[in-house]
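Residue numbers (my numbering): 7 to 97.
C-beta: ideal position from N, C-alpha, C; glycine also.
Input: a single structure, listed below in structure tokens.
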Amino acid sequence: MNKSELIEALARNTELPIREAGAVTGTILEAMTAAMARGENIEIRGFGSFVVKEYESYYGRNPKTGEKIKVPPKRLPFFKVGKELREKLNR
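Pasting the structure below:
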């Protein structure tokens with residue numbers, strides 16, 4: 007499922023016009039993105055949680071030249087599946 011399909015499903019299930027369903031979906035995704043940018047975790051009961059993992063800098067190698075390079079520290083999103091979703095998927 008992609009964003010357009012999610013918007014269509016929301017519009018179908020709530021009888022909202024596509025534009026309004028798109029605005030609602032956009033608002034939800036923007037709020038989640040802003041929360042994660044602030045370093046906050048997001049928990050959706052029955053579905054899962056999104057956390058921000060912080061990685062330290064390290065030295066890697068350029069695969070083309072073999073040159074040693076420093077990789078800067080970074081923050082990446084990580085999804086942990088919830089118990090109910092995991093059970094549904096494994097039935």
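Would you mind stating whether residue 63 and residue 74 have Cβ atoms separated by less than 8 angstroms?
For the purposes of this step, residue 63 is taken as residue 57 along the sequence shown, with counting starting at 1. For the purposes of this step, residue 74 is taken as residue 68 along the sequence shown, with counting starting at 1. No, these two residues do not count as a Cβ contact at 8 angstroms.
Would you report the Cα separation of residue 86 and residue 19, rounded to the nearest angstrom?
Here residue 86 refers to the residue found at position 80 of the sequence shown. Here residue 19 refers to the residue found at position 13 of the sequence shown. Residue 86 and residue 19 have their alpha carbons spaced roughly 27 angstroms apart.
Give, in chain order, every unbroken run of the beta strand (DSSP E) that is at least 3 residues long and sits entirely within the segment 37-89.
48-50, 54-61, 64-67, 74-77 and 80-87
Is residue 96 helix, strand or coil when you go by DSSP?
Walking along the sequence shown from the start, residue 96 turns up at place 90. DSSP places residue 96 in coil when its eight states are reduced to three.
Between the alpha carbons of residue 55 and residue 38, how many angstroms are there, rounded?
Your numbering for residue 55 matches position 49 in the sequence shown. Your numbering for residue 38 matches position 32 in the sequence shown. In a straight line, the C-alpha of residue 55 is about 11 angstroms away from that of residue 38.
I'd like to check one pair, residue 28 with residue 51: are the Cβ atoms closer than 8 angstroms?
Looking up residue 51 in the sequence shown gives position 45. Looking up residue 28 in the sequence shown gives position 22. Contact flag unset, no.
Check residue 19 in the structure and name its three-state DSSP category.
For the purposes of this step, residue 19 is taken as the residue at position 13 of the sequence shown. Three-state result, residue 19: helix.
Residue 31 and residue 59 - do their beta-carbons sit closer together than 8 angstroms?
For the purposes of this step, residue 59 is taken as residue 53 along the sequence shown, with counting starting at 1. For the purposes of this step, residue 31 is taken as residue 25 along the sequence shown, with counting starting at 1. No, they are not a contact pair.
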